[in-house]
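Participant: Below is the structure I would like to discuss, written out as structure tokens.
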Amino acid sequence: MTLHRIEIEVDGDVIAAEVEGRLTLGDFLRDRAGRTGVHLGCEHGVCGACTISFNGDAVRSCLMLAVQADGARIGTIQGLAEADGTLHPVQAAMQAEYGLQCGFCTPGVVMTLASVLEAEKTPSEERLRDVLSGHLCRCTGYQGMLRAAKSLAIQAQTAAGDA
Ligand code: FES
Ligand code: FES
Numbered sequence: 000m001t002l003h004r005i006e007i008e009v010d011g012d013v014i015a016a017e018v019e020g021r022l023t024l025g026d027f028l029r030d031r032a033g034r035t036g037v038h039l040g041c042e043h044g045v046c047g048a049c050t051i052s053f054n055g056d057a058v059r060s061c062l063m064l065a066v067q068a069d070g071a072r073i074g075t076i077q078g079l080a081e082a083d084g085t086l087h088p089v090q091a092a093m094q095a096e097y098g099l100q101c102g103f104c105t106p107g108v109v110m111t112l113a114s115v116l117e118a119e120k121t122p123s124e125e126r127l128r129d130v131l132s133g134h135l136c137r138c139t140g141y142q143g144m145l146r147a148a149k150s151l152a153i154q155a156q157t158a159a160g161d162a
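For the sequence shown, position 128 matches number 127 in numbering that gives the first Met the number 0, and the numbering has no gaps at all.
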């Protein structure tokens, strides 16, 4: 079996490893990098649970190979809050608006919203609703997530107006 040496920045930690060519990024993050907050549901790119930030873009980690992430900067749900425990605004909005129940889909939802907010700064409520359509949730009925999306869009617009 041929192994490939990779080096990936995960939540600010540089992790070097020797991996099989067929190892998915999702499995690497969970099993080799200790990021079990990256949830694997369908493992076919459908549910969105495994979404991470890949060089700033929201990406489904079940659809990538770990070797494709060599040299990349990856963010997971486990690196999103501040070191003192202060929640990221997306986490805070999801909590405030009851956007989760069992939490299985939640890391992916949060990482998608955080990536879009980071990239676009003032996305509209419609834009955030649209990106949520790529995430399957079996519990919530989505209403809390949609309220969180609305709240985040308003916060972003308000912050831009104040700047
Ligand atoms: S586990 Fe990756 S999209 Fe479902
Ligand atoms: S909160 Fe349970 S799957 Fe979404």
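Where is the CB? At the ideal position from N, CA and C, for every residue including glycine. Predicted model, so just to flag it, every value in this text is computed and none were measured.
If we ignore side chains and look at the alpha-carbon of each, how far apart do residue 145 and residue 125 end up?
Facilitator: 10 Å
Participant: In whole angstroms, what separates the C-alpha of residue 6 from that of residue 64?
Facilitator: 13 Å
Participant: Within 7 Å: the Cβ of residue 102 and any heavy atom of ligand 2?
Facilitator: yes
Participant: Which residues does DSSP list as the beta-bridge partners of residue 3?
Facilitator: 18
Participant: Going by beta-carbon coordinates alone, are residue 73 and residue 8 separated by less than 8 Å?
Facilitator: yes
Participant: Is it true that the CB of residue 57 sits closer than 8 Å to the CB of residue 96?
Facilitator: no
Participant: Do you know whose CA, among 153, 106, 70, lies nearest residue 29's CA?
Facilitator: 106
Participant: Per DSSP, residue 52 is paired with what?
Facilitator: 57, 74
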